Amino acid sequence: MLPELDPLLHSQLRLQIVSLLVGVESAEFNFILEQTAATRGNISVQLKKLSEAGYIKVSKSFGKSYPVTTCRITEKGLKAFDQYVESISSYLDRRKD
Amino acid sequence: MDNSINEKESLEIIRTMIHKAQTNMSEGSIFYLIWGWAVLLAIIAQYALLEWSGTEYHWVAWPVLMSLAGIVSAIVGRKRASRQKYVTFVDNTMAFLWGGFVIFLFAILFLSPTIGWANSYLLVIGLYGLGTFVSGGVLRFRPLIIGGVISLGLCFTGILLRNSITEFTQVLILLAISIVCSYLVPGYMLRAQKNKHAS
Numbered sequence: 004m005l006p007e008l009d010p011l012l013h014s015q016l017r018l019q020i021v022s023l024l025v026g027v028e029s030a031e032f033n034f035i036l037e038q039t040a041a042t043r044g045n046i047s048v049q050l051k052k053l054s055e056a057g058y059i060k061v062s063k064s065f066g067k068s069y070p071v072t073t074c075r076i077t078e079k080g081l082k083a084f085d086q087y088v089e090s091i092s093s094y095l096d097r098r099k100d
Numbered sequence: 275m276d277n278s279i280n281e282k283e284s285l286e287i288i289r290t291m292i293h294k295a296q297t298n299m300s301e302g303s304i305f306y307l308i309w310g311w312a313v314l315l316a317i318i319a320q321y322a323l324l325e326w327s328g329t330e331y332h333w334v335a336w337p338v339l340m341s342l343a344g345i346v347s348a349i350v351g352r353k354r355a356s357r358q359k360y361v362t363f364v365d366n367t368m369a370f371l372w373g374g375f376v377i378f379l380f381a382i383l384f385l386s387p388t389i390g391w392a393n394s395y396l397l398v399i400g401l402y403g404l405g406t407f408v409s410g411g412v413l414r415f416r417p418l419i420i421g422g423v424i425s426l427g428l429c430f431t432g433i434l435l436r437n438s439i440t441e442f443t444q445v446l447i448l449l450a451i452s453i454v455c456s457y458l459v460p461g462y463m464l465r466a467q468k469n470k471h472a473s
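Those protein sequence lines, which keep their order, are chains G and B.
Residue numbering for the first sequence follows this note's numbering, starting at 4 and increasing by one per position.
Residue numbering for the second sequence follows this note's numbering, starting at 275 and increasing by one per position.
Structure (C-alpha cells):
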C-alpha cells in the first residue's frame, strides 16, 4: 500500500515554505516572500495553517521602524518533513518498479 | 490559493528551496581584517614603546584599539544583520563560537595579574588558534584551519619553551605571527573570494 502523504505539506506553497525553513535557523517573512514569489496574503494564510499545526513557530518583533515577522521550523515540523520526504521517495521508488 | 502537486514536483520544490539560504562566508572577511589589524597595530605599538620609550604604560594601545575595533565590528555587524533576512545554522554557530571566545578572553585578562602577561599572551594565541580553527572547519575554509593550527602550534611551543623566553617582546613576536597567520592572511583570502564572486 502506498504511504499517505501529509496533506498539510502536500501543497506547493506550504511545501516551499517548510523546505525553505528546513535549511535555516530562522527566516523573515520578506525572505519567504522573495523566495516563493507568492502574494503576502497567501503566505500569511499558509503560515497560519502551518503554525496552528505546530509545524512552525512564528514570532513578531519590531525592526528599525517596522514590525518583523520571523519564522522557524519546530521539532514537530522537522519530523513531519522527514516523514513526507520518506513517503514521496518510497512512492517514486515503487512507481519505478 | 493552495495548488496541489504531484510527487515529482514535490521533490523538485524541496530540492530547489532547501538550499536557497546560504551563509556568504566571504562577507565575514571584514571582521578578521578589523580585529587582525587592530591587534597587529597594538602589538607594534607595545613593542615600540617597550623597546624605545621605557614607559610603564607600554600597554596603552591595547584598550584604545580593542575598544575601537569593538565599536566598528558592532556597527558593521548591526548593518549586516539588518540586511540579512535569514539566519543559517552556520551564522548561529559562529555567533556562539565568537561569543564564547570573548568571554574566555576576559577570563584570561582577569587572570593575567596572577599568571603574568607573558603567559596570558600565550593563552590568547591559543584562543586565536581555537577560534579560527573551529570557524575554518564550520565554513570549510582551509586557510582559516591552517591559520588556526599555526596559532595552536605557537601556543604549545611558547608554553613548552616558556622558561627560555627571557624578553616580553619575544611573546609579542609570537602574537604578531599568530594574528597574521590566523586572521590577516585568511581574512584577505576570504575578501579575494568575495571580489572574485562579485566580478
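Where is the CB? At the ideal position from N, CA and C, for every residue including glycine.
All values reported here derive from a predicted model rather than from experimental measurement.
| Check | Outcome |
| --- | --- |
| Could you tell me the distance, in whole angstroms, from the CA atom of residue 72 of chain G to the CA atom of residue 37 of chain G? | 14 Å |
| Name, in chain order, the residues that DSSP records as bridge partners for residue 74 of chain G. | G/30 and G/61 |
| Any Cβ of chain G within less than 9 Å of the Cβ of residue 292 of chain B? | yes |
| Classify residue 94 of chain G as helix, strand or coil using the three-state DSSP reduction. | helix |
| Among B/390, B/456 and B/392, which has the Cα closest to the Cα of residue 422 of chain B? | B/456 |
| Under a CB-based cut-off of 9 Å, is residue 349 of chain B close to chain G? | no |
| Counting C-beta neighbours from all protein chains within 10 Å, is the total for residue 17 of chain G 16 or more, i.e. buried, or is it exposed? | buried |
| Name the DSSP beta bridge partners of residue 360 of chain B, please? | G/30 |
| Measure the Cβ-Cβ separation of residue 226 of chain B and residue 401 of chain B and say whether it is below 9 Å. | The displayed coordinates of chain B run from 275 to 473. Any statement about residue 226 of chain B would go beyond what the structure contains. |
| What residues in the stretch 358-380 of chain B bring their beta carbon closer than 8 Å to a beta carbon of chain G? | 359, 360, 361, 362, 363, 365 and 366 |
| Classify residue 68 of chain G as helix, strand or coil using the three-state DSSP reduction. | coil |
| Using a Cβ-Cβ cut-off of less than 7 Å, list which residues of the stretch 294-310 of chain B approach chain G; keep chain order. | 294 and 295 |
| Check whether chain G comes within 9 Å of residue 285 of chain B, counting only Cβ atoms and requiring the distance to be less than that. | yes |
| For the stretch 396-409 of chain B, which residues have a beta carbon sitting closer than 7 Å to at least one beta carbon of chain G? | none |
| Can you tell me whether residue 395 of chain B is helix, strand or coil according to DSSP? | helix |
| Is residue 33 of chain G closer than 9 Å to residue 359 of chain B when the C-beta atoms are compared? | yes |
| Chain B partners of residue 23 of chain G, CB-CB under 8 Å? | 291, 292, 294 and 295 |
| Roughly how many angstroms separate the alpha carbons of residue 440 of chain B and residue 384 of chain B, rounded to a whole number? | 23 Å |
| Under three-state DSSP, which class holds residue 387 of chain B? | helix |
| At a Cβ cut of 8 Å, what residues of the stretch 54-67 of chain G count as close to chain B, listed as they run along the chain? | 66 and 67 |
| Give the range of the alpha helix (DSSP H) segment to which residue 290 of chain B is assigned. | 281-292 |
| Among B/398, B/404 and B/408, which residue has its Cα nearest to the Cα of residue 449 of chain B? | B/398 |
| Compare the C-alpha of residue 447 of chain B against each of B/410, B/316 and B/372 and name the closest. | B/316 |
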